[in-house]
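Undergrad: Okay, handing you the structure first.
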Amino acid sequence: MTESEPWFYAWCDEAERLDAFAAALWALVIPGARISLMMSSEEGCKTPSVDDVLAMIRDRFGGSNNAHVLSGVMLSDSERVICFGLKCYTDECERHQPWGPLRLSAGERTWDFFPFQIAVGGGPRCVEAEAAVACHLVQGDIEDLLLRLCAPDESGRVPTGACTINQEWLAPVEMCATYNANAAQLARDLALSWLSVHDKESVSRIAGLSLEALHARIDAAPHGARVPMKGGNELTRSLSRETVLKALATPPAALLEALEAAAVPDGVWRAAEPKAHEIMELLRQRGETPEGEGPPAWRADITTRGHVRFLEEHAPFHVRRLPSGGVVLATHPYRTLWPLWSDALFVLGLMS
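Numbering follows this note's numbering, in which position 35 of the sequence shown is assigned residue number 552; successive positions increment by one, without gaps.
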């Protein structure tokens, strides 16, 4: 079981960062909920007024003075209420320690977000089906929170963002979800990943580079240079400079279609789905009846190594085209996006 709640990251130019922070806060906070604001170098405030919180932040944000807000959010998919922490960092602080520049955490403890038990009916247990249920219970919330942080409106202030269970913005292909405001720039994920690993760069420091600038930096690397990748098979344990350059030259529509074609659940996952749907229906029925009157069931631990390993190896991928023209790539937080990318690159004949 993971020891961390999910963390969400977003890049935004500093000139628009407070506006992006404000839009995300309005999209997250439950109306009327108490909000706790802390500034780095001075006391903040506690108030149910989003306007008061934002006014104080706009007055004091800058230099080494960052903003940190704590409040409650209702998750759109599961309708659960949990705490969230939303942070906004200045460029000055990012140069010293890249934490953001916008960062969102969901839950105070791991089990606030990830279920650790579910009700299952009679008969033999099925670890695979239980793990699939665990995935269904959080996947929609992951994508919902990522979009509330990165795209709470149609401003396009945030060009890119991501989610992981690590407290650091890693290479996009090592995250469990990414957001790109423009699907035509989806290859940015691959370019940022290569540069992050090859040049030991923090993604939050290079996420704002143009595709042209990313291309130039990768092109300047030695021919044949490769970087190690995690989460793939023996044939996809590394990514070459040449593959990234070819992906950057590939028509964006073809790259997106290849990712969609690669995002097909594998046979092991499909075999577990019928039983998973039975458990989900049991959970629905028990949720709609008074305590003690639903179908008979008992609580099953879904945090064992068997459950986690199944999700690490078989959780499905989502390629979600957004009405705004953006795109979200996502899987369960225990898995990374690299297997999706490597399959798509193979389909296009770009892996070398």
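Just so you know, even glycine gets a beta-carbon here, dropped at the ideal spot from N, CA and C.
Closer than 8 Å is the cut-off here; do at least three beta carbon pairs connect the stretch 542-560 with the stretch 589-603?
TA: A contact exists between the stretch 542-560 and the stretch 589-603.
Undergrad: By DSSP, does Val845 sit in helix, in strand, or in coil?
TA: In the sequence shown, counting from the first residue as 1, residue 845 sits at position 328. In this structure, Val845 counts as strand in the three-state DSSP scheme.
Undergrad: Pull up the CB-CB distance for Glu611 and Arg758, whole angstroms please, since I reckon it's below 8 Å.
TA: Taking the sequence shown and counting its residues from 1, the one referred to as residue 611 is at position 94. Taking the sequence shown and counting its residues from 1, the one referred to as residue 758 is at position 241. Not really, about 27 Å apart at Cβ, beyond 8 Å.
Undergrad: Among all the DSSP beta bridges, which residues are the ones paired with His835?
TA: Counted from its first residue, the sequence shown places residue 835 at position 318. Looking at the DSSP assignment, His835 forms a beta bridge with Ala847.
Undergrad: Classify Phe633 as buried or exposed, calling it buried when 16 or more other Cβ atoms lie within 10 Å of its own Cβ.
TA: Taking the first residue of the sequence shown as 1, we reach residue 633 at position 116. Exposed: under 16 other Cβ atoms inside 10 Å.
Undergrad: Does the beta-carbon of Val586 have 16 or more other beta-carbons within 10 angstroms, so that it is buried, or is it exposed?
TA: Here residue 586 is taken as the residue at index 69 of the sequence shown, counted from 1. By the neighbour-count rule (16 or more Cβ atoms within 10 Å), Val586 is buried.
Undergrad: Since Cys562 and Asp569 are thought to touch, with beta carbons under 8 Å apart, how far apart are those beta carbons, to the nearest angstrom?
TA: Here the question's residue 562 lines up with position 45 in the sequence shown. Here the question's residue 569 lines up with position 52 in the sequence shown. Yes, Cys562 and Asp569 are in contact; Cβ-Cβ is about 7 Å, under 8 Å.
Undergrad: Cutting at 8 Å between CB atoms, please list the residues of its own chain near Leu773, excluding the five before and the five after it.
TA: Position 256 of the sequence shown, counted from the start, is the residue given in the question as residue 773. Closer than 8 Å at the Cβ level, and outside the excluded window around Leu773, lie Ala700, Leu703, Val836, Arg838, Val844.
Undergrad: In the DSSP assignment, what residue or residues form a beta bridge with Ser755?
TA: If you number the sequence shown from 1, residue 755 lands on position 238. In DSSP, Ser755 forms a bridge with Pro745.
Undergrad: Keeping to the same chain, check which residues put their C-beta closer than 8 Å to that of Ala788; ignore five residues upstream and five downstream.
TA: Position 271 of the sequence shown holds residue 788. If we look at Ala788 and ignore the five residues flanking it on each side, its Cβ neighbours are Glu645.
Undergrad: The beta strand (DSSP E) that contains Leu554, what's its start and end?
TA: Here residue 554 refers to the residue found at position 37 of the sequence shown. Taken as a continuous stretch (DSSP letters only), the beta strand (DSSP E) holding Leu554 covers 552-556.
Undergrad: Just verifying my parser: in three-state terms, what is the DSSP assignment at Leu726?
TA: Counting from 1 along the sequence shown, the entry for residue 726 is found at position 209. It is coil, neither helix nor strand.
Undergrad: Can you tell me whether DSSP reads His740 as helix, strand or coil?
TA: As a position in the sequence shown, residue 740 is number 223, starting the count at 1. Coil at His740, not helix or strand.
Undergrad: Are the Cβ atoms of Ala550 and Ser588 separated by less than 8 Å?
TA: Residue numbering aside, residue 550 sits at position 33 when the sequence shown is read from its first letter. Residue numbering aside, residue 588 sits at position 71 when the sequence shown is read from its first letter. A contact, by the Cβ cut-off of 8 Å.
Undergrad: Helix, strand or coil, according to DSSP, for Gly823 in the structure here?
TA: As a first step, residue 823 must be located in the sequence shown, where it is residue number 306. Residue state, collapsed to three classes: helix.
Undergrad: For the structure I just gave you, are there three or more beta carbon pairs, one from the stretch 638-657 and one from the stretch 819-833, closer than 8 Å?
TA: Result yes; three or more Cβ-Cβ pairs closer than 8 Å.
Undergrad: By Cβ distance, which residues of its chain are closer than 8 Å to Ser581, with the 5 residues on each side in sequence left out?
TA: One-based indexing of the sequence shown puts residue 581 at position 64. Only Ser557, Ser558, Thr607, Glu609, Cys610 meet the Cβ criterion.
Undergrad: Which term fits Gln656, buried or exposed, when burial requires 16 or more other beta carbons within 10 angstroms of its beta carbon?
TA: Numbered from 1 along the sequence shown, position 139 holds the residue referred to as residue 656. Gln656 is buried by the Cβ-count criterion.
Undergrad: My output table needs one value for Ser566: the three-state DSSP class, helix, strand or coil.
TA: Locating residue 566 in the sequence shown gives position 49, where the first residue counts as 1. Residue state, collapsed to three classes: coil.
Undergrad: With a 10 Å radius around its C-beta and 16 neighbouring C-beta atoms as the bar for buried, classify Val785 as buried or exposed.
TA: Here residue 785 corresponds to residue number 268 of the sequence shown, with the count starting at 1. It is exposed - the Cβ of Val785 has fewer than 16 other Cβ atoms within 10 Å.
Undergrad: Whose C-beta lies closer than 7 Å to the C-beta of Ala648 among residues of the same chain, with five residues either side of it excluded?
TA: Counting from one through the sequence shown, the residue named residue 648 turns up at place 131. Taken in chain order, the residues that qualify are Ile819, His824, Phe827, Leu828.
Undergrad: Which residues bound the beta strand (DSSP E) around Ile599?
TA: Residue 599 sits at position 82 when you count from the first residue of the sequence shown. That run of the beta strand (DSSP E) goes 598-605.
Undergrad: If you check the beta carbons only, do Ala708 and Leu731 fall under 8 Å apart?
TA: Counted from its first residue, the sequence shown places residue 708 at position 191. Counted from its first residue, the sequence shown places residue 731 at position 214. A contact, by the Cβ cut-off of 8 Å.
Undergrad: Please list the segments of the alpha helix (DSSP H) lying wholly inside the stretch 689-727, counting only runs of 4 or more residues, in order along the chain.
TA: With a minimum length of 4 residues, the continuous alpha helix (DSSP H) runs that stay inside the stretch 689-727 are 705-715, 720-723.
Undergrad: From which residue to which residue does the alpha helix (DSSP H) around Val864 run?
TA: For the purposes of this step, residue 864 is identified with residue 347 of the sequence shown, where counting begins at 1. First-last of the alpha helix (DSSP H) with Val864: 855-864.
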